[in-house]
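The end of the sequence shown is residue 577 by this note's numbering, with every number in the run present. Notes to accompany the following structure.
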Amino acid sequence: MFIIKKKIYKDVEMVTGGIYKLLKVVLFAGITFYSFVGVCGISDKVSVNENTLDMVKLEHMVGKIEKERLGINSIIIVKNNRLVFERYFNETKKEGLQLTYHIINSVISTLIGICIDEGLIENTNQKVITFFPEYREKITDSLQYKITIEHLLTMTGGYKWESEHHNNEIKEFLENPDLLSYMFECSIANEPGAVFSQNSGGIFLLTKIIEKVTSKKIEVFADEKLFEPLGIQNYKWERDSTGKTKGPYALYMLPRDLAKFGCLYLNEGSWNGKEVVKKEWIQKATELHFALSPIVPISKEIEQKGVGYLWWSFSGMYAAQGHSGQKLFVIPSKDTVVVITASSPFYVPTRLYLDFIRDAI
217 MFIIKKKIYK
227 DVEMVTGGIY
237 KLLKVVLFAG
247 ITFYSFVGVC
257 GISDKVSVNE
267 NTLDMVKLEH
277 MVGKIEKERL
287 GINSIIIVKN
297 NRLVFERYFN
307 ETKKEGLQLT
317 YHIINSVIST
327 LIGICIDEGL
337 IENTNQKVIT
347 FFPEYREKIT
357 DSLQYKITIE
367 HLLTMTGGYK
377 WESEHHNNEI
387 KEFLENPDLL
397 SYMFECSIAN
407 EPGAVFSQNS
417 GGIFLLTKII
427 EKVTSKKIEV
437 FADEKLFEPL
447 GIQNYKWERD
457 STGKTKGPYA
467 LYMLPRDLAK
477 FGCLYLNEGS
487 WNGKEVVKKE
497 WIQKATELHF
507 ALSPIVPISK
517 EIEQKGVGYL
527 WWSFSGMYAA
537 QGHSGQKLFV
547 IPSKDTVVVI
557 TASSPFYVPT
567 RLYLDFIRDA
577 I
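Quick look at the structure:
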């Protein structure tokens, strides 16, 4: 079952007249630059001086991707609120929806922030069970009563859950007919707040909290409060035959729209001068809440620090990341958003960022 949202609009709103327009302004070395007001709503004029990129490095990157068949599908760079680089590979089309995998987590985090902004949730310290008192009888582990929204947002709920990459728990979880019962019956392996463990069960609980307090399906609330304000019209929120959302396999988006989402954070929660989510939430969601030691060399190179509220924290930037190399990097000091979609090992897009993009921007 697909929940599909698709309307016909032009790409970008001009400053006057409310008419949408996409203006191609430069063609250089096979790479196209665009003025893209729809990303952050600034200006429809492109200044190459304002958007300086090291094109030699980016050309080398493109050559490497094509020659070595690295499994990259798209790369988008937004700098100073303008779309300055856009390239597609592997027959990927600009209009082709991409599975975001765990990038959906950062979307869910944003929706939690909006619920708090609107007074539907008091704060992140609320206990999860208080939203579902009817499930108290399912609990056999007393540590369940300690788990808060904060723990779910930092993936430190303590659930007995193997790595998502092993797919054991995620498969069992997605196939379970009663997911809420499954989560409240789940054993707690660690004191909540003590150990990081990426798991889709906690994300599911956040979606059910949102649905409970808003009395709306998650995709309806997301459309009204997040996607519609950002002008995101073409996406797919997938449910299975029983009507359940499919965890990290649920949300498909366009790479450009992922860039819009990144720009919302870069611009501290505002879009076209209108507040979508409060600046305070943006700051809180992206600051370091739980420190992690890098476990692979590339994590050291990119200076991974830990996690915020379903955002990954690095030195000088933060990111939403998904399986198979989906990356959304937000680099405030460079006023830049980088989107990479892929069907590759997770480290390949990170390697491209480190070797080419970081210095090119």
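Quick reminder that beta carbons are idealized off the backbone N, C-alpha and C, glycines included.
Assign Arg285 to one of three DSSP states: helix, strand, or coil. coil
In whole angstroms, what separates the C-alpha of Ile448 from that of Thr356? 43 Å
Of the choices Asp333, Lys521, Leu315, whose alpha-carbon is the least far from that of Lys495? Asp333
Can you say whether Lys435 is buried or exposed, counting buried as having 16 or more other CB atoms within 10 angstroms of its CB? Residue 435 is actually Glu in this sequence, not Lys. The residue is buried, with at least 16 neighbouring Cβ atoms inside 10 Å.
Under 8 Å, do Tyr451 and Leu544 count as touching if we go by C-beta distance? no
Classify Glu266 as helix, strand or coil using the three-state DSSP reduction. Bear in mind that the predicted position of Glu266 carries a pLDDT of just 45, short of 50, making it unreliable; the figure below should be weighed with that in mind. Residue state, collapsed to three classes: coil.
Nearer than 7 Å: is that true of the beta carbon of Glu503 relative to any heavy atom of the ligand SAM? By its list of ligands, the structure shown contains no ligand whatsoever, and the ligand SAM lies outside what it can speak to.
At 4 residues or longer, what runs of the alpha helix (DSSP H) sit wholly inside the stretch 420–446? 434–438
Which full runs of the beta strand (DSSP E) of 3+ residues lie inside the stretch 315–342, going along the chain? none
Residue ranges of each beta strand (DSSP E) run of no fewer than 3 residues wholly in the stretch 524–574, ordered along the chain? 528–530, 533–538, 542–547, 552–558
In chain order, what residues of the same chain have a beta carbon less than 7 Å from the beta carbon of Ala466, not counting five sequence neighbours either side? Ile320, Trp453, Glu454
Kindly indicate which three-state DSSP category Lys237 falls into: helix, strand or coil? Model confidence at Lys237 stands at a pLDDT of 34, short of 50, so the residue's coordinates are unreliable and nothing is read from them.
Are the CB atoms of Ile426 and Ile206 within a distance shorter than 8 Å? Outside the displayed span of the chain (217 to 577) sits residue 206, for which this structure offers no information.
Delimiting residues of the alpha helix (DSSP H) encompassing Arg472: 471–482
By DSSP, does Ile191 sit in helix, in strand, or in coil? Residue 191 lies beyond the stretch modelled for the chain, which goes from 217 to 577, so this question has no answer here.
Within a Cβ cutoff of 8 Å, which residues of the same chain sit near Glu503, ignoring the five residues on either side of it in sequence? Gly524, Ser529
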